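**Q** Position in the sequence shown (first residue = 1) + 7 = our numbering. The beta carbon of each residue, even a glycine, is placed where N, CA and C say it ideally should be. Just so we're clear, the structure is a prediction, and the values are computed from it rather than from any experiment.
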Amino acid sequence: MAEEERDGVRLSSLDSPLGDGLEVTKRDLVDHYDAFADRLVPLLTGRPLTIKRVRPGAAPFIQRDVPKGAPDWVRTVPTWSDRAHREVHQVLCEDRRTLLWLANQRAVELHVPFGRVGEEEPTGLVLDLDPPDGADLAAVVAVARLARRALADAGLAGAVKTSGSTGLHVVVPVHGSPGEDVAAATRALAARTERLDPAVATTAYVVAERGGRVFVDSTRSGRGTIAVAYSPRARPGLPVSTPVAWDELDGVRPGDVTVRTARERIGDGDPWADALPEPQRLPADLVAEGHTIPVARVAAMHEGKRRARARAQEQPG
8 MAEEERDGVR
18 LSSLDSPLGD
28 GLEVTKRDLV
38 DHYDAFADRL
48 VPLLTGRPLT
58 IKRVRPGAAP
68 FIQRDVPKGA
78 PDWVRTVPTW
88 SDRAHREVHQ
98 VLCEDRRTLL
108 WLANQRAVEL
118 HVPFGRVGEE
128 EPTGLVLDLD
138 PPDGADLAAV
148 VAVARLARRA
158 LADAGLAGAV
168 KTSGSTGLHV
178 VVPVHGSPGE
188 DVAAATRALA
198 ARTERLDPAV
208 ATTAYVVAER
218 GGRVFVDSTR
228 SGRGTIAVAY
238 SPRARPGLPV
248 STPVAWDELD
258 GVRPGDVTVR
268 TARERIGDGD
278 PWADALPEPQ
288 RLPADLVAEG
298 HTIPVARVAA
308 MHEGKRRARA
318 RAQEQPG
């Protein structure tokens with residue numbers, strides 16, 4: 008098994024398959040993180056990290072708590088996990104060494120919140136555009152342009168990147184608002200995007216109610232997380248979440264940029280940093296509108312319970 012040391016991190020099994028069905032080696036992941044360290048670390052610094060890890064012979068899994076056996080130089084921050092019902096210690100990746108260590112742990116996805124440790128205000132919001140099964144990216148591109156129009160109508164601007172999976176992320180840097188107002192503004196922007204063309208865009212959280220339309224997901228803002236730009240995704244070939252210029256969206260193809268091709272396709276620049284506008288203040292009317300819109304997953308949960316009660320009442324006896 009090939010071994011190397013980079014920045015004091017011992018890297019093992021570099022030429023072995025990274026994970027089942029991924030069609031890349033562990034070296035491919037390490038080399039990608041190494042090549043993009045100068046662009047990834049600023050996106051990760053100060054933000055508690057959620058990772059997706061893979062292992063040959065096992066299904067991919069999400070991990071928030073620091074992996075066992077982590078070196079003492081790996082920085083962590085205590086956070087509360089609603090899912091685990093306990094405090095966990097999430098990694099803070101703030102240097103190349105930690106990023107390489109994560110690569111050696113087969114961390115194939117890097118997800119962060121919009122809030123930094125010690126800061127109350129989120130630094131951005133995202134509209135996550137998710138296509139229906141069987142749709143090509145052209146449908147998502149059309150809705151991304153609707154989202155851009157909704158932003159412009161509100162006096163805001165954003166940048167767009169591929170999710171690395173099948174959709175697109177429209178990201179809007181913001182400042183000066185608490186988390187609940189940012190989440191509300193995201194709901195309002197999603198609703199406004201839907202209203203621009205409800206035949207192609209929907210905010211329906213329940214898949215069965217989307218009717219073959221692109222889902223404008225507002226739930227990633229607030230307490231949610233987002234895969235950072237240049238992060239791989241756990242799909243065959245390890246495609247990478249890639250910045251795209253608004254006028255180049257028509258040429259985007261999912262999976263075009265992977266851990267093996269990203270350095271050549273993206274080059275040595277930082278198109279994500281170049282594309283992001285300066286942080287903006289949220290308009291008061293947008294925030295107010297958003298506070299009248301229920302949180303999508305909560306509304307779906309209540310609707311599911313209502314329907315279950317209705318079915319139970321319809322049962323004979």
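1. How would you call Pro-85, buried or exposed, if buried means at least 16 neighbouring beta carbons within 10 angstroms?
2. If I measure Cβ to Cβ from Leu-163 and keep anything under 7 Å in the same chain, skipping five residues before and after, which residues do I get?
3. Short of 7 Å in beta carbon distance, which residues of its chain neighbour Arg-314, apart from the five on each side in sequence? Order them along the chain.
4. Determine the burial state of Ala-299: buried for a count of at least 16 other Cβ atoms within 10 Å of its Cβ, exposed for fewer.
5. Could you say which of Thr-173, Pro-239 and Gly-274 lies nearest to Ala-142 if we only look at CA atoms?
6. For His-39, which three-state DSSP category applies?
7. Just checking, does the segment 143 to 157 make contact with the segment 206 to 220 on the three C-beta pairs under 8 Å criterion?
8. Using only CA atoms, which one of Asp-72, Ala-192 and Asp-160 lies nearest to Leu-99?
9. Evaluate the contact criterion for the segment 8 to 18 versus the segment 248 to 258: three or more CB pairs, one atom per stretch, below 8 Å.
10. Distance check for Leu-132 and Leu-50, CA to CA, integer angstroms please.
11. Just to confirm my understanding: we take Ser-19, look at its own chain, exclude 5 residues before and 5 after, and list those with CB closer than 6 Å. What are they?
12. Taking Trp-108 as part of the alpha helix (DSSP H), name the residues at either end of that continuous run.
13. In this structure, how does DSSP classify Lys-168 when only helix, strand and coil are distinguished?
14. Between which two residues does the beta strand (DSSP E) harbouring Arg-227 extend?
15. State buried or exposed for Phe-68, treating a residue as buried only when at least 16 other CB atoms are found within 10 Å of its CB.
16. Which value, in whole angstroms, describes the spacing of the CA atoms of Arg-242 and Arg-260?
17. Measuring alpha carbon to alpha carbon, tell me which of Val-37, Leu-203 and Ser-228 ends up nearest Ala-191.
18. What are the start and end residues of the alpha helix (DSSP H) that includes Val-189?
19. Given a cut-off of 8 Å, decide if Thr-226 and Ala-303 are closer than it, judged by their beta-carbon atoms.
20. Leaving out the 5 sequence neighbours to the left and right, which residues in its chain are closer than 8 Å to Ser-184 when beta-carbon positions are compared?
21. Check whether the segment 25 to 41 and the segment 90 to 97 are in contact - that is, three or more C-beta pairs closer than 8 Å.
22. Is Asp-137 helix, strand or coil when you go by DSSP?
23. Identify whether Trp-279 lies in helix, strand or coil by the three-state DSSP scheme.
24. Check whether the Cβ atoms of Asp-277 and Arg-103 sit closer than 8 Å, and answer yes or no.
25. My guess is that Gly-28 and Pro-63 are in contact by the Cβ rule of under 8 Å, so how many angstroms apart are they, rounded?
26. Is it right to say Ser-170 is buried, meaning 16 or more other beta carbons lie within 10 angstroms of its own, or is it exposed?
27. Checking the sheet assignment: what are the DSSP bridge partners for Trp-87?
28. Judging by CA-CA distance, which residue of Glu-30, Pro-24 and Pro-55 is the nearest neighbour of Thr-232?
29. Could you name the residues of the same chain whose beta carbon sits closer than 8 Å to that of Asp-140, not counting the 5 residues immediately before and after it, in chain order?
30. Ends of the alpha helix (DSSP H) at Arg-288?
**A** Per the coordinate set shown:
1. exposed
2. Val-179 and Gln-287
3. Note on Arg-314: pLDDT 49, under 50, position unreliable in the model; the coordinate value appears next. So no residue of the chain qualifies.
4. Note that residue 299 is Thr in the sequence shown, not Ala. By the 10 Å Cβ count, Thr-299 comes out exposed.
5. Thr-173
6. helix
7. yes
8. Asp-72
9. no
10. 14 Å
11. Glu-10
12. 103 to 111
13. strand
14. Careful: Arg-227 lies outside any beta strand (DSSP E) and carries neither H nor E.
15. exposed
16. 15 Å
17. Ser-228
18. 186 to 203
19. yes
20. Glu-128, Pro-129, Ala-192, Arg-288, Leu-289 and Val-294
21. no
22. strand
23. helix
24. no
25. Not quite, the Cβ-Cβ distance comes to about 10 Å (not below 8 Å), so this is no contact.
26. buried
27. Glu-94
28. Pro-55
29. none
30. It is not in any alpha helix (DSSP H) - Arg-288 carries neither H nor E in the DSSP assignment.
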